[in-house]
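For what it's worth, the UniProt record's numbering labels the leading residue of the sequence shown as 1, then goes sequentially.
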Amino acid sequence: MTDTTEERENIRVMVVDDHPMWRDAVARDLSESGFEVVATAGDGEQAVRRAKAVAPDVLVLDLNLPGKPGVQVCKEVVAAGPAVRVLVLSASGEHADVLEAVKSGATGYLLKSASTEDLRDAVRRTAAGDPVFTPGLAGLVLGEYRRLASEPAGAAPGSGEPGAPRLTDRETEVLRLVAKGLSYKQIAERLVISHRTVQNHVQNTLGKLQLHNRVELVRYAIERGLDDE
């Protein structure tokens, strides 16, 4: 699907960073690219308060914040509004920071070395529900999911137990491609269906499995080895 100005204009974004010049520059770049920047914040407490008030589609969040760390901001914002998607924009590429951010509810993780074009694309894809990571970090996250999946755990929803929700063949097919890391656009092209149909299948699957976002869905699929099929 082509990234159009009309699509970006419908995406409401909030930018959180404790450095005023950087925060203002990111907000300005996104605004000039066609996104609607609804708020900014410079510390953790302010970020949570304003995010709850304006309910952005995408929260562009730095991790190193005064008052309250970014991961805690992420947890509180996502808990208060599950529809808000968090894209971490950080100078740190440390594996521990990346994994902690994802476990706190972040949908994506982008390094500050990214270009404006990369950021614009990441915000658009994050709003669409795609997990977005700086190259190299996606493999790290999937690897962590594999490690967690190998640990003993209780049966999850949809695991085949009596009464567990059943997915349709098409939902299972979409889930398998999600687990392989394909974007909605790529899945739509692979299955020759519309982008909206892919989104509907993912939303239906999330509802059946009682999961909250696509990141959890990827983990669910990997736990069942669907990415290897």
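Note that the Cβ used here is the ideal one computed from N, Cα and C, for glycine as well.
Open item on the list: Considering only the alpha carbon of each residue, which of K180, L175, V58, N64 lies closest to A128?
Closed with: V58
Open item on the list: Can you tell me whether G158 is helix, strand or coil according to DSSP?
Closed with: Bear in mind that the predicted position of G158 carries a pLDDT of just 42, short of 50, making it unreliable; the figure below should be weighed with that in mind. G158: coil per DSSP, three-state reduction.
Open item on the list: In whole angstroms, give me the CA-to-CA distance for R124 and I11.
Closed with: 8 Å
Open item on the list: Suppose you measure from the CA of P69 to the CA of E100; what does that come to, to the nearest Å?
Closed with: 11 Å
Open item on the list: Considering Cα atoms alone, identify which of V215, G225, A221 is closest to residue 243.
Closed with: This structure leaves residue 243 out entirely; the chain is present only between 1 and 229.
- [ ] Give the DSSP-derived three-state secondary structure of G207 in the structure shown.
- [x] helix
Task: Status (buried if at least 16 other CB within 10 Å, exposed otherwise) for E32 - done: exposed
- [ ] Round the Cβ separation of V73 and V16 to the nearest angstrom and send it over; I've been treating them as touching at under 8 Å.
- [x] 7 Å
Task: Under the three-state DSSP convention, the category E36 falls into - done: strand
TODO: Starting from A41, follow its DSSP beta bridges and name the residues at the other end.
DONE: V16
Open item on the list: I need the boundaries of the alpha helix (DSSP H) containing V88, first residue and last residue.
Closed with: Premise fails: V88 lies in the beta strand (DSSP E), 85-90, not in any alpha helix (DSSP H).
Open item on the list: Quick check on the burial criterion: 16 or more other C-beta atoms within 10 angstroms. Buried or exposed for P56?
Closed with: buried
Task: At least three beta-carbon pairs within less than 8 Å, the region 37-45 to the region 107-124 - done: no
TODO: Go through its chain and collect everything with a Cβ distance to L137's Cβ below 6 Å, but skip five positions before and after it.
DONE: V98, Y109
TODO: For my contact list, K103 and G81 are in at a C-beta cut-off of 8 Å; report their separation, rounded to the angstrom.
DONE: Going by Cβ atoms, the distance from K103 to G81 rounds to 18 Å, so no, they are not a contact pair.
Open item on the list: Is it the case that the region 186-201 contacts the region 170-177, given that we only count it when at least three CB pairs across the two stretches are under 8 Å?
Closed with: yes
Task: Reduced DSSP category for V58 - H, G, I as helix; E, B as strand; rest coil - done: strand
Open item on the list: In this structure, how does DSSP classify L191 when only helix, strand and coil are distinguished?
Closed with: helix
Task: Between the CA atoms of S183 and N204 - distance to the nearest angstrom - done: 17 Å
- [ ] Could you pull the start and end residues of the beta strand (DSSP E) that L110 belongs to?
- [x] 108-111
Task: D18 and N64 closer than 8 Å at C-beta - done: yes
Task: Inter-residue CB distance, L217 and L226 (contact presumed, cutoff 8 Å) - done: In fact, because the Cβ distance is near 10 Å, the residues do not count as touching under 8 Å.
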